[in-house]
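Peer 1:
2 protein chains.
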Amino acid sequence: MQLTLYSDYSIRVLLYLAAKADGPATISEVAESYGISRNHLVKVVHNLSQSGYIRTTRGKKGGMVLGRNPKDISIGGLLRQTEPDFRLVECLQEESSGCPIDQVCSLKSVFRTALYAFLNTLDGFTLADITGNVGLLKPILIDRARSGKGEAFSPERDKSPSAVLPVGR
Amino acid sequence: MQLTLYSDYSIRVLLYLAAKADGPATISEVAESYGISRNHLVKVVHNLSQSGYIRTTRGKKGGMVLGRNPKDISIGGLLRQTEPDFRLVECLQEESSGCPIDQVCSLKSVFRTALYAFLNTLDGFTLADITGNVGLLKPILIDRARSGKGEAFSPERDKSPSAVLPVGR
Numbered sequence: 001m002q003l004t005l006y007s008d009y010s011i012r013v014l015l016y017l018a019a020k021a022d023g024p025a026t027i028s029e030v031a032e033s034y035g036i037s038r039n040h041l042v043k044v045v046h047n048l049s050q051s052g053y054i055r056t057t058r059g060k061k062g063g064m065v066l067g068r069n070p071k072d073i074s075i076g077g078l079l080r081q082t083e084p085d086f087r088l089v090e091c092l093q094e095e096s097s098g099c100p101i102d103q104v105c106s107l108k109s110v111f112r113t114a115l116y117a118f119l120n121t122l123d124g125f126t127l128a129d130i131t132g133n134v135g136l137l138k139p140i141l142i143d144r145a146r147s148g149k150g151e152a153f154s155p156e157r158d159k160s161p162s163a164v165l166p167v168g169r
Numbered sequence: 001m002q003l004t005l006y007s008d009y010s011i012r013v014l015l016y017l018a019a020k021a022d023g024p025a026t027i028s029e030v031a032e033s034y035g036i037s038r039n040h041l042v043k044v045v046h047n048l049s050q051s052g053y054i055r056t057t058r059g060k061k062g063g064m065v066l067g068r069n070p071k072d073i074s075i076g077g078l079l080r081q082t083e084p085d086f087r088l089v090e091c092l093q094e095e096s097s098g099c100p101i102d103q104v105c106s107l108k109s110v111f112r113t114a115l116y117a118f119l120n121t122l123d124g125f126t127l128a129d130i131t132g133n134v135g136l137l138k139p140i141l142i143d144r145a146r147s148g149k150g151e152a153f154s155p156e157r158d159k160s161p162s163a164v165l166p167v168g169r
C-alpha cells in the first residue's frame with residue numbers, strides 16, 4: 001500500500017517552503033535540495049499553486065512561498081487533493097465494480113471505516129507539526145540547495161507537456 | 001492509495017470458502033464465480049495454503065477449504081501477510097531512504113500513526129464479520145460457479161512459473 005510519488009513530492013515542496021520561510025524558493029532549488037528531478041516537481045508546484053497551498057511570483061526575485069499558514073495545512077486535507085483516489089480495492093470505485101457480490105458484500109464498509117481512520121488521523125496533523133524541528137530541517141534543506149544552481153520559477157516555461165509528472169508507484 | 005490485486009483476490013478466495021462452507025472448492029470454481037483469471041488465483045491460493053488460511057486436498061473430490069474459523073481470520077492480519085509493504089512514502093522503507101532529511105523529518109512518525117490507525121481498524125474485523133450476510137452471498141457466488149466448469153485443485157500443476165501472479169496496481 002503506497003501513496004503516489006505525486007503526494008510525496010507535494011509534501012516535500014510544502015515542507016521546504018515552511019523550512020525556508022524567509023523568502024521565495026525556486027523549483028530548481030527544491031529539486032536540488034532533495035536530489036530529485038526538477039521536471040517531476042513542475043506539475044506538483046503548478047497544482048499546489050492552483051489549490052492555494054503556495055503563491056508564485058515571476059521575475060528575477062520571484063519564486064514560490066506558502067499560500068497558507070503551516071498550522072492551516074492539514075496533511076489529511078492535502079492528501080485528499082493530491083491522491084488520485086483512495087480506491088483500496090476494485091469495489092471502492094465510484095461506479096459499480098465488476099465483482100458479482102458488489103451489492104451485498106460488506107467488505108466495502110469495512111475498508112471505508114479503515115480509510116476514515118487513516119485520513120482522520122492525518123487530519124489531526126498539520127504542516128506545522130511536521131516542521132516543528134525546523135532548526136534541524138533548515139540547515140540540511142536550504143544549505144543543500146545553496147550549494148547548487150537554483151533558477152527562478154517561470155510559470156510560462158513550466159507549462160510544457162514534458163512537465164507532466166508520471167505518477168509513479 | 002490502493003491495495004494490491006493480490007490482497008484483493010486473497011480476501012475474495014477466503015470469502016468464497018466461507019460462503020460455500022459445505023465442501024471443498026476448486027480454484028477454477030472461484031475464478032468462474034468472480035469472473036477473474038484462474039492463473040491470477042493460483043499463487044494466491046498457494047500462499048494462503050502455506051500460511052494456513054486454507055487447507056488443500058488432492059484428488060477427484062479434492063479442493064480447498066478454510067484452514068481456520070472465519071472468526072479467527074482478522075482482515076488486518078491477512079493484509080499484513082498479503083501486502084508486499086506498507087511503505088506509504090519512500091522514507092518508510094526499512095533501509096535509509098535517499099531523502100536528505102530522513103533522519104530529522106517527523107513525517108515518518110505521522111504516517112506510521114495513520115497506518116497504525118488503518119491496520120488497527122482492520123484488526124477489529126474478521127472474515128466472519130464480512131460474511132455475516134452469507135444468505136445473500138452464497139446464492140450469488142456458488143450458483144455462478146456451478147454454471148461454469150470447475151476443476152479440482154492440483155498443487156503440482158499450479159507450481160508452474162506461469163502461475164506467478166503479476167501484482168497489479
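If you're matching them up, the sequences are chains R and V in order.
Each step along the first sequence adds one to the number in the UniProt record's numbering, with nothing skipped, and position 53 is 53.
Each step along the second sequence adds one to the number in the UniProt record's numbering, with nothing skipped, and position 142 is 142.
Cβ atoms here follow ideal geometry from the backbone N, Cα and C, with glycine treated the same way.
Which residues bound the beta strand (DSSP E) around V:R55?
Peer 2: 54-57
Peer 1: Taking V:E29 as the query, report the chain R residues whose CB atoms sit under 7 Å from its CB, ordered along the chain.
Peer 2: Identification of chain R residues near V:E29 by a Cβ-Cβ cut-off of 7 Å yields none; the smallest Cβ-Cβ distance measures about 13 Å.
Peer 1: Check whether chain R comes within 9 Å of V:S106, counting only Cβ atoms and requiring the distance to be less than that.
Peer 2: yes
Peer 1: Ordered along the chain, which non-local residues of its own chain (more than five positions away) have a Cβ less than 8 Å from that of V:G52?
Peer 2: G67, R68
Peer 1: Between V:K71, V:Y9, V:T126, which lies nearest to V:S37 when the distance is taken from Cα to Cα?
Peer 2: The shortest C-alpha separation from V:S37 is found at V:Y9.
Peer 1: Let me check understanding here. Comparing Cα to Cα, which of R:T82, R:T121, R:I142 lies closest to R:L3?
Peer 2: R:T82
Peer 1: Cα-Cα, which of R:D143, R:I73, R:L88 is closest to R:F118?
Peer 2: R:L88
Peer 1: Between R:R12 and V:R55, what straight-line distance do the alpha-carbon atoms span, to the nearest angstrom?
Peer 2: 47 Å
Peer 1: Does V:I121 pass the burial test, meaning 16 or more other C-beta atoms within 10 Å, or should it be called exposed?
Peer 2: Checking the sequence, you will find Thr at residue 121 of chain V rather than Ile. So V:T121 counts as buried.
Peer 1: Pick helix, strand or coil for R:T126, following the three-state DSSP scheme.
Peer 2: Residue state for R:T126 is assigned as strand, using DSSP reduced to three classes.
Peer 1: V:S33 touches chain R at which residues, Cβ-Cβ below 8 Å?
Peer 2: P100
Peer 1: If we count the other Cβ atoms within 10 Å of its Cβ and call it buried at 16 or more, is V:L109 buried or exposed?
Peer 2: According to the sequence provided, residue 109 of chain V is Ser. The question's Leu does not apply to it. Classification for V:S109: exposed.
Peer 1: Tell me the residue span of the alpha helix (DSSP H) that contains R:L66.
Peer 2: Run containing R:L66: none in the alpha helix (DSSP H); it sits in the beta strand (DSSP E), 63-66.
Peer 1: For R:D72, decide whether its Cβ has a neighbour in chain V, counting only Cβ atoms nearer than 9 Å.
Peer 2: no
Peer 1: When you compare the CB of R:M1 with every CB in chain V, is at least one pair closer than 9 Å?
Peer 2: yes
Peer 1: Report buried or exposed for V:P139, applying the criterion of at least 16 other Cβ atoms within 10 angstroms of its Cβ.
Peer 2: exposed
Peer 1: Going by DSSP, which residues form a beta bridge with V:S74?
Peer 2: V:T126
Peer 1: For a quick check, are the C-beta atoms of V:S33 and V:L127 less than 9 Å apart?
Peer 2: No, the Cβ-Cβ distance between V:S33 and V:L127 is not below 9 Å.
Peer 1: Between the segment 45-75 of chain V and chain R, which residues of the former have CB atoms less than 7 Å from a CB of the latter, in chain order?
Peer 2: I75
Peer 1: Beta carbon of V:G35, beta carbon of R:P100: below 9 Å?
Peer 2: yes
Peer 1: For V:A114, which of helix, strand or coil comes out of DSSP?
Peer 2: In this structure, V:A114 counts as helix in the three-state DSSP scheme.
Peer 1: Within the 9 Å Cβ cut-off, does R:D129 reach chain V?
Peer 2: Yes - at least one Cβ of chain V is within 9 Å of the one on R:D129.
Peer 1: So, is V:K61 buried or exposed, given that buried needs 16 or more other C-beta atoms within 10 angstroms?
Peer 2: exposed
Peer 1: Assuming the contact rule is C-beta atoms closer than 8 Å, R:F125 and R:S74 should be a hit. Round their C-beta distance to whole Å, please.
Peer 2: 7 Å
Peer 1: With R:Q50 as the anchor, note down where its alpha helix (DSSP H) starts and where it stops.
Peer 2: 38-50
Peer 1: DSSP state of R:Q2, grouped into three classes?
Peer 2: strand
Peer 1: Starting from V:A25, follow its DSSP beta bridges and name the residues at the other end.
Peer 2: V:M64
Peer 1: Below 7 Å on C-beta distance, what does R:T121 contact in chain V?
Peer 2: T113, A114, A117
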